[in-house]
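Comments concern the structure below.
Number of protein chains: 2
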Amino acid sequence: MSTAPAPRREIPDATVARLPVYLRVLRTLLADGVDVVSSEELAEAAGVRSAGLRRDLSYLGSYGVRGVGYDVARLADEIARELGLTQDRFVAIVGMGNLGHALAAYSGFATRGFEVRWLVDNDPAIVGTQIAERCVVALEELTRQDPDGLIVVIATPPAQAQDVADAVVAMGVRSILNFAPCVLTVPDGVEVRKVDLATELQILAFHEQRGRDDLREVNP
Amino acid sequence: MSTAPAPRREIPDATVARLPVYLRVLRTLLADGVDVVSSEELAEAAGVRSAGLRRDLSYLGSYGVRGVGYDVARLADEIARELGLTQDRFVAIVGMGNLGHALAAYSGFATRGFEVRWLVDNDPAIVGTQIAERCVVALEELTRQDPDGLIVVIATPPAQAQDVADAVVAMGVRSILNFAPCVLTVPDGVEVRKVDLATELQILAFHEQRGRDDLREVNP
DNA sequence: CGATGTGAAACGGTTCACAGCT
DNA sequence: AGCTGTGAACCGTTTCACATCG
Numbered sequence: 001m002s003t004a005p006a007p008r009r010e011i012p013d014a015t016v017a018r019l020p021v022y023l024r025v026l027r028t029l030l031a032d033g034v035d036v037v038s039s040e041e042l043a044e045a046a047g048v049r050s051a052g053l054r055r056d057l058s059y060l061g062s063y064g065v066r067g068v069g070y071d072v073a074r075l076a077d078e079i080a081r082e083l084g085l086t087q088d089r090f091v092a093i094v095g096m097g098n099l100g101h102a103l104a105a106y107s108g109f110a111t112r113g114f115e116v117r118w119l120v121d122n123d124p125a126i127v128g129t130q131i132a133e134r135c136v137v138a139l140e141e142l143t144r145q146d147p148d149g150l151i152v153v154i155a156t157p158p159a160q161a162q163d164v165a166d167a168v169v170a171m172g173v174r175s176i177l178n179f180a181p182c183v184l185t186v187p188d189g190v191e192v193r194k195v196d197l198a199t200e201l202q203i204l205a206f207h208e209q210r211g212r213d214d215l216r217e218v219n220p
Numbered sequence: 221m222s223t224a225p226a227p228r229r230e231i232p233d234a235t236v237a238r239l240p241v242y243l244r245v246l247r248t249l250l251a252d253g254v255d256v257v258s259s260e261e262l263a264e265a266a267g268v269r270s271a272g273l274r275r276d277l278s279y280l281g282s283y284g285v286r287g288v289g290y291d292v293a294r295l296a297d298e299i300a301r302e303l304g305l306t307q308d309r310f311v312a313i314v315g316m317g318n319l320g321h322a323l324a325a326y327s328g329f330a331t332r333g334f335e336v337r338w339l340v341d342n343d344p345a346i347v348g349t350q351i352a353e354r355c356v357v358a359l360e361e362l363t364r365q366d367p368d369g370l371i372v373v374i375a376t377p378p379a380q381a382q383d384v385a386d387a388v389v390a391m392g393v394r395s396i397l398n399f400a401p402c403v404l405t406v407p408d409g410v411e412v413r414k415v416d417l418a419t420e421l422q423i424l425a426f427h428e429q430r431g432r433d434d435l436r437e438v439n440p
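These protein sequence lines are chains A and B, in that order.
Residue 1 is where the first sequence starts when you use the working numbering, and the numbers rise one by one after that.
Residue 221 is where the second sequence starts when you use the working numbering, and the numbers rise one by one after that.
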């Protein structure tokens with residue numbers, strides 16, 4: 001028996017993807033001692049249009065003051081709350097190759113509210129060693145942990161990525177960031193985001209080529 | 221005097237962003253000895269809908285055979301050509317911290333048609349050393365190179381990213397992949413794509429939280 | 001017959017322009 | 001007077017459904 005649909009504000013995916021950028025800019029402003037900002041200024045700093053910014057923020061509620069602007073601290077808090085960042089979140093990085101190794105040492109996670117709590121690899125020669133002051137464990141070990149709110153970063157070769165995904169989904173993980181250049185298949189309710197470095201370069205290569213062709217048209 | 225507009229097919233950005241995925245899948249199929257594939261099968265392997273896949277491919281031209289499917293080798297070639305991958309492309313990685321170091325050693329670039337040709341850092345202690353069998357040079361040195369078709373990967377701390385961008389834009393670079401968590405301002409005609417790891421985690425955190433809330437509604 | 005290629009409808013997101021509030 | 005919040009128009013993309021053709 002399904003009741004009325006949840007009255008929760010449905011925030012568009014495109015907006016969600018921009019909230020982290022706004023948050024980062026707001027925190028920079030805060031550090032600079034700015035305490036009120038207009039949609040125009042914030043949009044400029046975030047690289048978006050002011051109308052779009054106001055639309056995005058309107059999904060969170062009315063936190064601006066007409067004729068004045070937005071309270072920087074207040075808005076930062078609201079966005080952080082909406083993103084679920086009021087509680088610290090934990091990250092497990094699976095695959096201690098070049099990339100996993102660098103991610104383990106990357107300071108950008110900790111400074112933005114994420115604690116890298118587990119480093120995982122299945123190579124017996126690596127399990128038990130220390131990387132970035134953290135002990136590397138086997139996947140088996142990770143799957144015994146509490147999956148609640150845990151984000152798993154997959155940095156294995158593509159051939160093993162699906163197996164890792166299956167294993168962590170089975171333990172209850174519902175958020176995966178995939179660096180392996182392959183498509184992951186997961187059940188509904190599990191969110192996968194992918195970062196494919198070669199794909200990004202290929203997209204740039206396309207525009208690079210198109211740009212050159214355009215120049216030829218004008219100036220053959 | 222401008223003549224008739226170029227008859228070039230205008231490929232939507234959304235399609236361009238998927239072409240690299242199709243290409244990767246097609247090359248896997250090729251390696252497995254598959255030589256014909258239907259839109260249904262290819263879409264499944266690429267994680268998209270078959271109708272969308274057919275629409276995407278239609279922008280490249282009619283390379284399918286009705287009642288049969290697509291020739292794998294032919295289609296892979298067409299996509300590679302469209303992406304400008306028939307010529308090898310060069311990459312410069314600027315910033316030899318953790319991330320830059322890992323990217324320099326990452327084999328995923330070379331295997332997908334990109335040669336990492338320059339490693340750049342401005343720390344005198346690092347310039348001149350070898351990383352992944354390549355000598356690290358100063359930014360100054362990079363700016364004397366031919367920018368044509370060069371893609372610059374920025375992996376510096378955010379405070380230096382804009383300066384690096386300005387310098388490489390000035391030398392004529394028109395494609396930048398930015399790993400620094402900040403907004404880059406560049407002139408028209410320069411393409412910037414960004415990869416922000418913490419942002420990806422924050423987007424996942426949002427869905428993670430929403431998922432938990434949804435569970436509570438059903439099962440409080 | 002079977003799978004492609006594509007009009008047409010549906011959708012989600014962006015932009016415009018201004019009403020509404022401080 | 002000034003800036004936010006938003007209805008409405010607009011635009012790009014996705015999906016449907018089927019005519020088309022090998």
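We treat Cβ as the ideally placed atom computed from N, Cα and C, and that holds for glycine.
Please read all numbers here as calculations on a predicted model, not as lab measurements.
Assuming the contact rule is C-beta atoms closer than 8 Å, Phe90 of chain A and Gly33 of chain A should be a hit. Round their C-beta distance to whole Å, please.
Not a contact, Cβ separation roughly 32 Å.
Which same chain residues end up closer than 6 Å to Ile151 of chain A when comparing Cβ atoms and leaving out the 5 residues on each side of it in sequence?
Val91 and Ser175
Three CB pairs or more closer than 8 Å across the region 197-210 of chain A and the region 407-423 of chain B:
yes
Leu246 of chain B and Leu295 of chain B look like a contact to me (Cβ under 8 Å); what is the Cβ gap, rounded to whole Å?
6 Å
The region 95-106 of chain A contacting the region 315-327 of chain B, beta-carbon criterion three pairs below 8 Å
yes
Contact check, Val347 of chain B vs Leu362 of chain B under 8 Å by CB: the rounded distance?
Contact flag wrong, Cβ pair sits at about 11 Å.
Taking Cβ-Cβ distances below 7 Å as the criterion, which residues of the region 174-196 of chain A are in contact with chain B?
Arg174, Ser175, Leu177, Pro181, Val183, Gly189, Glu191, Arg193 and Val195
Starting from Glu115 of chain A, trace the beta strand (DSSP E) both ways and give me its first and last residue.
Phe114 to Val120
Kindly list, in the order they appear in chain B, the residues whose Cβ is closer than 9 Å to that of Phe90 of chain A.
Going along chain B, no residue has its Cβ under 9 Å from Phe90 of chain A, so there is no contact; the nearest lies around 10 Å.
Which residues bound the beta strand (DSSP E) around Tyr70 of chain A?
Gly69 to Asp71
Would you mind working out which of B:Leu250, B:Tyr283, B:Asp233 and B:Asn342 sits nearest Asp383 of chain B, comparing C-alpha positions?
B:Asn342
Would you mind working out which of A:Pro187, A:Ala180, A:Gly108 and A:Asp35 sits nearest Val94 of chain A, comparing C-alpha positions?
A:Ala180
How would you label Glu230 of chain B, buried or exposed, when you count the other beta carbons within 10 angstroms and need 16 or more for buried?
exposed
Let me see if you follow: with CB-CB separation under 7 Å, is Gln209 of chain A close to chain B or not?
yes
For the region 363-399 of chain B, list the alpha helix (DSSP H) runs that are entirely contained and at least 4 residues long, ordered along the chain.
378-391
For Gly284 of chain B, which three-state DSSP category applies?
strand
Can you grab the Cα-Cα spacing for the pair Gly287 of chain B / Val16 of chain A, in whole Å?
42 Å
Using only the alpha-carbon positions, how far apart do Asp233 of chain B and Glu298 of chain B sit?
17 Å
Please confirm if Gln162 of chain A has its CB atom under 7 Å from at least one CB of chain B.
no
Pro367 of chain B burial status per 10 Å Cβ neighbour count (16 or more: buried)
buried
Whose Cβ in chain A lies nearer than 7 Å to the Cβ of Ile423 of chain B?
Val16, Ala17, Pro20 and Arg193
Beta-carbon gap between Val37 of chain A and Tyr59 of chain A smaller than 7 Å:
no
Against chain A, with Cβ distances strictly below 7 Å, would Tyr279 of chain B count as a contact?
no
Kindly give me the distance between the Cβ atoms of Leu85 of chain A and Ala425 of chain B, rounded to whole angstroms, as I take these residues to be in contact under 8 Å.
6 Å
Name the two residues that bound the continuous beta strand (DSSP E) containing Val314 of chain B.
Arg309 to Val314
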